[in-house]
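Q: These protein sequences, in sequence, are chains A and B. The numbers in the UniProt record's numbering rise by one with no breaks, and the one at position 273 of the first sequence is 273. The numbers in the UniProt record's numbering rise by one with no breaks, and the one at position 133 of the second sequence is 133.
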Amino acid sequence: MISLIKRNLMLYFNNRQRVFFSLMGAIISFILYVLFLKNGIQSDWKSIHEGTKLLDLWLIGGTMTVTAITTTQSALNQKIMDKENNRIDDLMLTDTSKLGINAGYVFSSVIIGTIMQVAVYIIMSFYFLFSDNLSINYEKLIAIILIAILSSFIWTMVNMIINLFFDNQASISGVNSIVGTCSGFFAGVYMPLGTLPNAGQKIMEFIPASYNSALYRNLLMKHQMNISFKNVPAKFLTSFNKNMGLKINDVSTIMGHTIILLVFIVILICIFSLISLLKRRRA
Amino acid sequence: MQLLETKELTKKFKNYVAVDHLNLTINKGQLVALLGHNGAGKSTTISMLIGLIQPTSGNIEFEGLKVNESKYRRKLGVVFQNSVLDNNLTVKQNIDIRANMYKNLDSSFKNKILNDLELSSILNQRYKTLSGGQRRRVDIARSLLNKPEILFLDEPSTGLDIQSRNKIWEFLNNLRKSIGLTIILTTHYLEEAEDADFVYVIDKGKLVEGDTVDNLKNKYAKDTLTLYSDHLKNIKDNLNQKIVEETENSISINPEDNNEAINILSKFKPLITTFEYQRGSMDDIFIALTGKEVK
Numbered sequence: 001m002i003s004l005i006k007r008n009l010m011l012y013f014n015n016r017q018r019v020f021f022s023l024m025g026a027i028i029s030f031i032l033y034v035l036f037l038k039n040g041i042q043s044d045w046k047s048i049h050e051g052t053k054l055l056d057l058w059l060i061g062g063t064m065t066v067t068a069i070t071t072t073q074s075a076l077n078q079k080i081m082d083k084e085n086n087r088i089d090d091l092m093l094t095d096t097s098k099l100g101i102n103a104g105y106v107f108s109s110v111i112i113g114t115i116m117q118v119a120v121y122i123i124m125s126f127y128f129l130f131s132d133n134l135s136i137n138y139e140k141l142i143a144i145i146l147i148a149i150l151s152s153f154i155w156t157m158v159n160m161i162i163n164l165f166f167d168n169q170a171s172i173s174g175v176n177s178i179v180g181t182c183s184g185f186f187a188g189v190y191m192p193l194g195t196l197p198n199a200g201q202k203i204m205e206f207i208p209a210s211y212n213s214a215l216y217r218n219l220l221m222k223h224q225m226n227i228s229f230k231n232v233p234a235k236f237l238t239s240f241n242k243n244m245g246l247k248i249n250d251v252s253t254i255m256g257h258t259i260i261l262l263v264f265i266v267i268l269i270c271i272f273s274l275i276s277l278l279k280r281r282r283a
Numbered sequence: 001m002q003l004l005e006t007k008e009l010t011k012k013f014k015n016y017v018a019v020d021h022l023n024l025t026i027n028k029g030q031l032v033a034l035l036g037h038n039g040a041g042k043s044t045t046i047s048m049l050i051g052l053i054q055p056t057s058g059n060i061e062f063e064g065l066k067v068n069e070s071k072y073r074r075k076l077g078v079v080f081q082n083s084v085l086d087n088n089l090t091v092k093q094n095i096d097i098r099a100n101m102y103k104n105l106d107s108s109f110k111n112k113i114l115n116d117l118e119l120s121s122i123l124n125q126r127y128k129t130l131s132g133g134q135r136r137r138v139d140i141a142r143s144l145l146n147k148p149e150i151l152f153l154d155e156p157s158t159g160l161d162i163q164s165r166n167k168i169w170e171f172l173n174n175l176r177k178s179i180g181l182t183i184i185l186t187t188h189y190l191e192e193a194e195d196a197d198f199v200y201v202i203d204k205g206k207l208v209e210g211d212t213v214d215n216l217k218n219k220y221a222k223d224t225l226t227l228y229s230d231h232l233k234n235i236k237d238n239l240n241q242k243i244v245e246e247t248e249n250s251i252s253i254n255p256e257d258n259n260e261a262i263n264i265l266s267k268f269k270p271l272i273t274t275f276e277y278q279r280g281s282m283d284d285i286f287i288a289l290t291g292k293e294v295k
């Protein structure tokens, strides 16, 4: 299994184009923000002390969720490519079991997702360090890595479920571009949760992307919020948290979001097992 | 000694029967060729024998092991029709990754095959930059990593030049001698099947014939003697043979055996300007068994 993980990592990182395109969702949200969205949201935040820095951290949180979605997707495409080219048949002939081979793909995807999220965090922090003088908080790096692992697991499971329905690269690349486009909305990068209509907000309460962003944002923005909202009434803070997607479904703590995401993992594993069982019965 | 046997092996895909009650026996150390048209069911048969697809009915027996057991897989090597190695990795990376997916691999055997297949100089080259012949040699090295008892070659020489083909067969024949490797081959190159110990001809999923090359030739491929002469009429009047082909200055006949051919030649020696004697080939057998039309 370790050998298969090593292979999948080599195939991903050796292919610069693949790395670049797996980050497309993140790059788009970043560029859209810097060029178009930043000024708009910023003008609403004029009254907030160091509002720009707060906004930068908010963006980093959402973009990392987008990165988790798109990079695990690209990593898992390896399995579809291997199926299509009969490489998986060759792997099956070895002493590694079918379960071991599937686990190999899952863990490669989790590793790739984690590395790419951390890389995106570092790149964006440096950009905002130079553009907005945002200080980089290295103490949070371990917590960030842990969240990156958790979110990689969730999105690996989501993408594994999606991939159950597709067996060739042509169709999966179509699915990839749809998911890539939607991920920015679901992660709440393009617009704050509070600006969505009620129906939209309701949907966001039932998908892992919004909780994933909320978890990142709670962690990243906490310190800056203490500075920015030092003398602000609690009522304002609550409505800010709700509007900006830090508080969803009355959950607003790091622990709360983590538990919800773990529950999502259990649900996703159940869905995956159920669908693969049904598919096997039908075959 | 019998190594592998299929009994009434059948595979149906919806309304289409790809393999139809196939009975094959493969003995240890033999080179067995499966011959058939495109779509005759050769690859489906191989896929069932290596456990990639489940038969609809029938059995495969291999020294008391079941096809989906890992012990069974351990005894197999497979060279797939299309390459299954990673284009963007080097030969060494490809080989090492597959090797590490086996338990307790004999690394001295690995080094020996890499050496014998003359791959040492291209180990650090990316697989996609290799020539067709080089790729095939790497594929074969990969298939032999686990020192299999039985090697499946699914059309291994398609698109290869004669030098590469000869090199590969020289290597495989040496392995048959040294470790008693059994080989099951599917091929379009009929001359490749000439070297087989046993040939199974498959048509539309059914076994049409299974015998040694010599027996098949005796049964289905007649030798042809062509006599060139300026006195054809004279020869024809005194020849008690059915003429199979005739031109202005030649006639062709199918003598029973070499002796009869020599007798005919001696009898008409003064009348013949020259002659040709052509042994029956695998092509004749194949066409006799499966017909001339394209399927």
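In this text, a Cβ means the ideal position worked out from N, Cα and C, and glycines have one as well.
Applying the 10 Å Cβ sphere with the 16-neighbour rule, what's the burial state of K128 (chain B)?
A: Looking at its Cβ environment, which holds fewer than 16 other Cβ atoms inside 10 Å, K128 (chain B) is exposed.
Q: Using a 10 Å radius around the Cβ and a threshold of 16 neighbouring Cβ atoms, would you call residue 299 (chain B) buried or exposed?
A: With chain B covering only 1 through 295, there is no way to say anything about residue 299 (chain B).
Q: With 16 as the cutoff for other CB atoms within 10 Å, does V244 (chain B) come out buried or exposed?
A: Per the 10 Å Cβ criterion, exposed.
Q: Exposed or buried, which one is F198 (chain B) when buried takes at least 16 other CB atoms within 10 Å?
A: Its Cβ being crowded by 16 or more others within 10 Å, F198 (chain B) is buried.
Q: Could you tell me which of A:D132, A:R18, A:S252 sits nearest to D56 (chain A), measuring between CA atoms?
A: Nearest C-alpha to D56 (chain A): A:D132.
Q: Taking I46 (chain B) as the reference, which of B:N23, B:E63, B:I168, B:L153 has the closest Cα?
A: Taking only the C-alpha atoms, the option nearest I46 (chain B) is B:L153.
Q: Would you check if there are 3 or more beta carbon pairs closer than 8 Å linking the segment 264-278 of chain A to the segment 236-251 of chain A?
A: Cβ pair count under 8 Å is below three, so no.
Q: Taking A68 (chain A) as part of the alpha helix (DSSP H), name the residues at either end of that continuous run.
A: Segment 51-84, the alpha helix (DSSP H) holding A68 (chain A).
Q: Cutting at 7 Å between CB atoms, please list the residues of its own chain near L207 (chain B), excluding the five before and the five after it.
A: Contacts found: L22, N23, Y200.
Q: Compute the Euclidean distance between the alpha carbons of Q2 (chain B) and G29 (chain B), then round it to the nearest angstrom.
A: Distance between the alpha carbons of Q2 (chain B) and G29 (chain B): 10 Å.
Q: Please state whether DSSP places S229 (chain B) in a helix, a strand or coil.
A: Three-state DSSP puts S229 (chain B) in a strand.
Q: Since R176 (chain B) and L9 (chain B) should fall inside the 8 Å C-beta cutoff, what is the C-beta to C-beta distance between them, to a whole number of angstroms?
A: No, R176 (chain B) and L9 (chain B) are not in contact; Cβ-Cβ is about 25 Å, not under 8 Å.
Q: Between the segment 77-90 of chain B and chain A, which residues of the former have a C-beta closer than 7 Å to a C-beta of the latter?
A: Hits within the stretch, in order: V78, F80, N82, V84, D86, N88, L89.
Q: Here's the rule I'm using: 16 or more other beta-carbon atoms within 10 Å means buried, otherwise exposed. How should K53 (chain A) be labelled?
A: The residue in question, K53 (chain A), is buried, as its Cβ has 16 or more Cβ neighbours within 10 Å.
Q: Measure the CB-CB distance between T182 (chain B) and E149 (chain B) and report whether it falls below 9 Å.
A: Taking 9 Å as the Cβ cut-off, T182 (chain B) and E149 (chain B) qualify as a contacting pair.
Q: With distances taken from CA atoms, which of B:N15, B:L144, B:L119, B:P55 is nearest S164 (chain B)?
A: Looking at the Cα atoms, B:L119 is the closest of the given residues.
Q: Using a Cβ-Cβ cutoff of 7 Å, what residues of the segment 100-125 of chain B are near chain A? List them in chain order.
A: If the cut-off is 7 Å between Cβ atoms, the segment 100-125 of chain B has N100, M101, Y102, K103 near chain A.
Q: Whole angstroms is fine: what's the gap from E260 (chain B)'s alpha carbon to T44 (chain B)'s?
A: Straight-line Cα distance between these residues: approximately 44 Å.
Q: To the nearest angstrom, report how far apart I271 (chain A) and V66 (chain A) are at their CA atoms.
A: Computed Cα separation, rounded: 22 Å.
Q: To which residues of the same chain is S213 (chain A) closer than 7 Å at the C-beta, ignoring the five residues directly before and after it?
A: Here the set comprises G61, G62, T65, A187, G188, G245.
Q: Does T71 (chain A) come within less than 9 Å of chain C when only Cβ atoms are used?
A: Among the chains of the structure shown, chain C does not appear; the protein chains present are A and B.
Q: Please confirm whether R73 (chain B) and G51 (chain B) have their CB atoms less than 9 Å apart.
A: The answer is yes: Cβ separation under 9 Å.
Q: Determine whether the beta carbon atoms of I95 (chain B) and L114 (chain B) lie at a separation below 9 Å.
A: Yes, Cβ-Cβ distance for I95 (chain B) and L114 (chain B) is below 9 Å.
Q: Inspect the beta-carbon positions of N88 (chain B) and R126 (chain B) and report whether they are closer than 9 Å.
A: Yes, they are a contact pair.
Q: Can you tell me which of the three DSSP states N249 (chain B) falls into?
A: Coil at N249 (chain B), not helix or strand.
Q: Using 9 Å as the threshold, is the C-beta distance between M282 (chain B) and L4 (chain B) below it?
A: Against a cut-off of 9 Å, the Cβ pair of L4 (chain B) and M282 (chain B) comes out as no contact.
Q: Which residues in chain B have a C-beta closer than 9 Å to the C-beta of M10 (chain A)? List them in chain order.
A: Neighbours of M10 (chain A) on chain B, chain order: D86, N88, L89, Q93, I97.
Q: Please report the distance separating the alpha-carbon of L91 (chain A) from that of L11 (chain A).
A: So the alpha carbons of these two residues sit roughly 15 Å apart.
Q: How would you write the range of the beta strand (DSSP E) that T25 (chain B) sits in, first residue to last?
A: Counting along the chain, the beta strand (DSSP E) containing T25 (chain B) begins and ends at 16-27.
Q: Under 7 Å Cβ-Cβ, which residues of chain B neighbour L4 (chain A)?
A: Near L4 (chain A) (Cβ distances below 7 Å), the residues of chain B are M101.
Q: Along chain A, which residues have their Cβ under 9 Å away from the Cβ of R73 (chain B)?
A: Per Cβ cutoff of 9 Å: M92, L93, T94, D95.
Q: Could you spell out the range, first to last residue, of the alpha helix (DSSP H) harbouring T182 (chain B)?
A: No alpha helix (DSSP H) contains T182 (chain B), which is instead part of the beta strand (DSSP E) from 182-187.
Q: Helix, strand or coil for I166 (chain A), going by three-state DSSP, please let me know.
A: Ile is not the amino acid found at residue 166 (chain A); the sequence shown has Phe there. The answer is coil: DSSP assigns F166 (chain A) none of H, G, I, E or B.
Q: When you compare only the Cα positions, how much space is there between I145 (chain A) and I161 (chain A)?
A: About 24 Å.
Q: Could you tell me whether any Cβ in chain B is nearer than 9 Å to the Cβ of residue 340 (chain A)?
A: This structure cannot speak to residue 340 (chain A), because chain A is shown only from 1 to 283.
Q: Suppose the cutoff is 8 Å on Cβ atoms and the five residues either side in sequence are ignored; what does the same chain contact list for E50 (chain A) look like?
A: Excluding sequence neighbours, E50 (chain A) sits near Q224, I227, S228.
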